[in-house]
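As numbered in my numbering, residues 1 to 942 make up the sequence shown, in order. Heads up, the beta-carbon is just placed ideally off N, CA and C, and yes, glycines get one too. The model shown is predicted, which means the values in this text are computed figures rather than measured ones.
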Amino acid sequence: MDRNTTKRRADRPAPSDGTPEARDGMPARLDAAVRLLVGPANFAGQGTRWARALEDRAPDTKATSFAFFKGVLDYPVDYGVPARTYRRNPRWRLNFYNHVIRNYTHVLLEAARPIFGPLHGPDGSFEIPHLLTKGLHVALIAHGSDVRVPSRHVETEPWSPFPDLEDETVELLERNATRAVELFTSYPGQVYVSTPDLLDYVPNAAWCPVIVDVDAWRSDAPVLAHDKPVVAHAPSKSAMKGSELIDPIMERLAERGLITYRRVEGVDPADMPAVYRDADIVLDQFRIGSYGVAACEAMAAGRVVVGHIAQHVRERVAADTGLDLPIVDATPDTIEQVVLDLIAHPERARELAARGPAFVEKVHDGRWSAEVLASFVEQPAPVPVDWKPSWIRPKVVMMAGNDIVSDARVLKYAQTVANWDLDVTCIGIPGRRLRGVRQFGKVQVLCPPIPSKVLLTGWRRRLTIVKTNLRPWFATEAEYLLAYSRWQYASRELRAERGRDRRDHERTGDQRRVRRSLLGRLQRAARWRSLRLHRAVLQARAYFVRRPKREADLTDLGIGKRRERLLALHRRLPTGRWRRVMPEVMDQELTLGPLLDRLLIEVIHVHDVFMLGIAARAAHRAALDGRTIKIIYDAHEYIPGVPVVAPRRVAAYSDLEREFIRDADRVITVSEPLARWLQRDHKLAELPDVVLNAPVEPPADAEVTGLRELLGLSEGVPLLVYGGGVNRARGVGTVVEALPQLPDVHLAIVARANSVTAELQARAVELGVSDRVHLAPFVSAEVVPLYLRSASIGLSPLLHAPNHDIAVTNKFCEYIAAGLPIITSDTPAQADLVNELDLGAVYPAGDVDGLVRAICTVLADRDRLAKRITDDPALLHRFSWSAQAEVIRSAYTDVMGQLPAAAWTPTATTIHKLIPAPPEPPETRWHAFRKARAEKLASDGA
């Protein structure tokens, strides 16, 4: 433990280097039956004082006080860390959490603040379920502004400070206090408040008085014995204490020579006893209507204490303690007269001051507080281990092997499930479009950095080093250019030496000439020939990276007989095991696994195979902790049929799926043929559900320029559209080859530019149709049907591959939503739908003439087909996201047992935006109060 950042009781010596605290930076392990942690606020040192008082009261109890240090008004604690560590050090947060759940039995949570920083959520309410599930007993204690709701305070206190604070500040206080009050009043365990006025907000709480060290503050100095009475005011928060109201009054009295006014700020807490001992009258607060630690310290010092105490608070204190509260009541209106009366009647003032130490000794020396807290450590209330605050909803985590925002299917799922009042977090891998944390509507998206631990360690790292050093050729052109740059420098240097000789020869004067020896000339000639040889060697080593690339075959699928044989071989041999081929999955597990363990998850919905193992392992670990995590696996593709990707990696994906798919409680996929294949390959007990990649309903206010208008084409021009990713297996090359036979027909490829789109454009130039091939930009997924609907025909020209033969693609559903007739290749899944539902035409995949005939046929019948699609509401619903959401809802109901009522509302299956803005917070009572006040002032002015 860094002694510069940790404060502790003087009677608790810092641990030696051999203790657990010195080794792991955590608090010392306590040896007692009851081990209590108090934190993380420690306002005015109260957390530490409650801990000590309880230890004195209950010998079998040991307690640790904890807080983070802000650098101002930091009070001693048993264990503390800098604020930066508390807020920004994830390793410390996780280590401290693990230490607490392993070493403590009870936790007293102060001010609804999180003990572990933002580890589990923005406030302490999110930590309570984690602590309860780990078997710890939890009690709550409020300090003041954490539960003092501004809108309620202004109704009872005419001098309330809140109307004079910044609106944004009060809005934040209102939201936080309202949430804290809801937590405190709904919590079934023990609840405490530190000052009696807080019982107005938390009536179910017990008053646990603040504690002061009476002996440390005791003073024998007489009261009102100075020539001029000394009046002291030492506010911790001036705005809340009303300092700006009383300072001018006290300064005027000081100017008249009636008092000495000492306004104290920024004094170290250890120096405050001396300040109070030298005062006659101590002014506390004049806005809140209660009293706290400062008033108790002044009373313990035997000073006259003046402040504003609400009458019902006085009566409550008297009823609970049997003593009158020895604080002189005053408001900003009466403070001047009250002080003058005290000066005029010193005996009465001294008698009142003399009652202070006895009151503090009975109520605030720790014994009363320890008795109150003893019920928590001796007989804690039975809180159900599954208790959660109402705002902590069932947790669903969606995982994908991408940065989430690039995956429309994941976003559609997330926004749909979030609509059902479930708490949805998407976890992915950092990518080009997102790193870190973002909030999209009700959905949190988290893509944490994944450090390479397994990937760059062990035998893999050593083998990489050996291969790099022994490899005779360059692996990349960048390596060649780097080596060639060194050769260039050496060549230029040698050439410069020859230039020096020539220049010296031309200079006048023998003294300026440098004559090179025969040996020097021979050495230079040898260096020159060595460089020529070196260049030849470099060019030879760069042959494989600099040789001309073969002309690309636009119909190359990236799959064939040789590939099938390699894939089958790798699937049978250890070379295709995922742990060997994809060590990056283990790196992801080391980062994402602990993250999943910290979340109280009910369902993990895994999109595609990449995260399946990580999700399954999280469910396994949860089972050891007595928790159940359900897994939904959403298979986006038939893994053995994935084209283009290297066979060994495909084998590894298949190995990963095969190992963990049976851990899934529900399997969902994208088409009926794929569902049957998955059941066949993995011997699943149930046929997977089918959720199509259908489009969402566009927003009512959506504005998008149509594709035809964007391209500047008139209504009569036939416009074919292909939308989606482009590679050679997608068959777009077939369409380009067909255009010479289709005069006046234009093709719009809605895709991001890549090497294949460049090849297609180059081929269009060769065919003389470049003016009729257009590369159009993507638009937001929710408006794609509006974007495409001005086209004539939607194309799906997939070439045959296992995944293509069973696919019902995004574009297929989008064309239907746009009301477009469809021409598809004879990939069975889509071809059967086109024929069955009369949606357009089918042609043999890769057959240019067949495609030409299909296009001519559909163009001739285009109006009828378009009307047939747009006039069939059942068809439109079948291929809409609302219909898919009904399937998802059924699956979630089976997995979770019951869904919130929001899942069954008429709009529960409808979403309009995939990446909405964060929701606006609801209007608070404080906002309504300010609005009503402004209206009243306006009417009074009128």
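> Using the rule of at least 16 other Cβ atoms within 10 Å of the residue's Cβ for burial, across every protein chain shown, is H620 buried or exposed?
Replying inline: Burial call: exposed.
> Which of the three DSSP states, helix, strand or coil, is assigned to V193?
Replying inline: V193 carries a strand assignment under DSSP once its states are collapsed to helix, strand and coil.
> Is the CB-CB distance between V642 and N727 below 8 Å?
Replying inline: In this structure, N727 does not lie closer than 8 Å to V642 by Cβ.
> In three-state DSSP terms, what is M582?
Replying inline: Here M582 sits in coil by DSSP.
>> In this structure, how does DSSP classify F162 when only helix, strand and coil are distinguished?
In response: Three-state result, F162: helix.
>> Once DSSP output is grouped into helix, strand and coil, what is the label at Q539?
In response: Three-state result, Q539: helix.
>> Considering only their Cβ atoms, is the gap separating S125 from D197 smaller than 8 Å?
In response: Taking 8 Å as the cut-off, the Cβ atoms of D197 and S125 do not count as close.
>> Under DSSP, the beta strand (DSSP E) around I632 begins and ends at which residues?
In response: Run containing I632: 630–635, per the beta strand (DSSP E) assignment.
> Expressed to the nearest angstrom, what Euclidean distance is found between the alpha-carbon atoms of S780 and L446?
Replying inline: Using only the alpha carbons, I get a separation of about 21 Å.
> Comparing alpha-carbon positions, which option in I101, L711, D863 lies nearest I128?
Replying inline: The shortest CA-to-CA distance from I128 to any of I101, L711, D863 is the one to I101.
> Whose C-beta lies closer than 6 Å to the C-beta of A1027 among residues of the same chain, with five residues either side of it excluded?
Replying inline: Absent from the structure is residue 1027, since the part of the chain shown begins at 1 and ends at 942.
>> Measuring alpha carbon to alpha carbon, tell me which residue in L569, V328, E371 is nearest L352.
In response: The residue with the shortest Cα to Cα distance from L352 is V328.
> Would you call the CB atoms of H364 and V223 closer than 8 Å?
Replying inline: Not closer than 8 Å, so no.
> Do V264 and the ligand FMN come close, with the Cβ less than 7 Å from some heavy atom?
Replying inline: Looking at this structure, you won't find the ligand FMN or any other ligand, since it has none at all.
> Under the three-state reduction of DSSP, which class applies to K58: helix, strand or coil?
Replying inline: In the sequence on display, residue 58 carries Ala and not Lys. The answer is coil: DSSP assigns A58 none of H, G, I, E or B.
> Looking at the structure shown, is K867 part of a helix, part of a strand, or coil, going by DSSP?
Replying inline: K867: helix per DSSP, three-state reduction.
> If H106 and F286 are in contact, beta carbons under 8 Å, what's the gap, nearest whole angstrom?
Replying inline: A Cβ-Cβ distance of about 38 Å is found for the pair H106 and F286, leaving them out of contact under the 8 Å criterion.
> Looking only at its own chain, which residues have a Cβ that is under 7 Å from the Cβ of V313, when we skip the five neighbours before and after it?
Replying inline: Non-local beta-carbon contacts of V313 in its own chain, meaning distances under 7 Å to residues more than five positions away in sequence, involve P196, D197, G289, S290 in chain order.
> Below 8 Å between beta carbons: does that hold for K442 and V424?
Replying inline: Result yes, Cβ atoms of K442 and V424 sit closer than 8 Å.
>> Whole angstroms are fine: how far does the CA of A675 sit from the CA of F879?
In response: Looking at the two C-alpha atoms, the distance is approximately 17 Å.
>> Based on DSSP bridge pairs, tell me the residues matched to A206.
In response: Partner(s): Y192.
> Can you tell me the Cα-Cα spacing of D701 and R563, whole angstroms?
Replying inline: When rounded, the distance between both Cα atoms is 49 Å.
>> Within a Cβ cutoff of 6 Å, which residues of the same chain sit near P209, ignoring the five residues on either side of it in sequence?
In response: Excluding positions up to five away in sequence, the list reads V363, H364, W368, S369.
> Between M611 and G725, what straight-line distance do the alpha-carbon atoms span, to the nearest angstrom?
Replying inline: The straight-line gap from Cα to Cα measures roughly 23 Å.
>> Can you tell me whether Q439 is helix, strand or coil according to DSSP?
In response: Per DSSP, reduced to three states, the secondary structure at Q439 is strand.
>> Taking the beta carbon of L720 as the centre, do at least 16 other beta carbons fall within 10 Å, making it buried, or is it exposed?
In response: Taking all protein chains shown into account, L720 has 16 or more neighbouring C-beta atoms within 10 Å of its C-beta and is therefore buried.
> Between G47, A67, N103, which lies nearest to R29 when the distance is taken from Cα to Cα?
Replying inline: Of G47, A67, N103, the residue nearest in Cα terms is N103.
> Mind checking R945: buried by the 16 CB within 10 Å criterion, or exposed?
Replying inline: In the structure as shown, the chain begins at 1 and stops at 942. Residue 945 is therefore absent and cannot be evaluated.
>> Alpha carbons only, please: which of R393, A729, S770, R492 is nearest the one belonging to E602?
In response: Of all alpha-carbon atoms in R393, A729, S770, R492, the one lying nearest the alpha-carbon of E602 is that of R393.
> In whole angstroms, what separates the C-alpha of V437 from that of V585?
Replying inline: The alpha-carbon atoms of V437 and V585 are separated by roughly 21 Å.
>> Please report the straight-line C-alpha distance between A22 and F96, rounded to a whole angstrom.
In response: Here A22 scores only 39 on pLDDT, less than 50, and its place in the model should not be relied on; the value that follows carries that caveat. Distance from the CA atom of A22 to the CA atom of F96, rounded to whole angstroms, is 14 Å.
> Where R218 and F68 are concerned, what is the direct C-alpha to C-alpha distance, given to the nearest angstrom?
Replying inline: Looking at the two C-alpha atoms, the distance is approximately 30 Å.
> Going by alpha carbons, who is nearest to A791 out of L820, H774, E766, K811?
Replying inline: Distance from the Cα of A791 is smallest, within the candidate group L820, H774, E766, K811, for L820.
>> Please report the distance separating the alpha-carbon of P919 from that of F440.
In response: Those two C-alpha atoms are separated by around 8 Å.
> Pick from N176, Q415, V138, L481: whose alpha carbon is nearest that of A917?
Replying inline: Comparing Cα positions, the closest option is Q415.
>> For the segment 111–125 against the segment 901–909, do three or more pairs of beta-carbon atoms, one drawn from each stretch, fall closer than 8 Å, so that the two count as touching?
In response: The segment 111–125 makes no contact with the segment 901–909; the number of CB pairs closer than 8 Å stays below 3.
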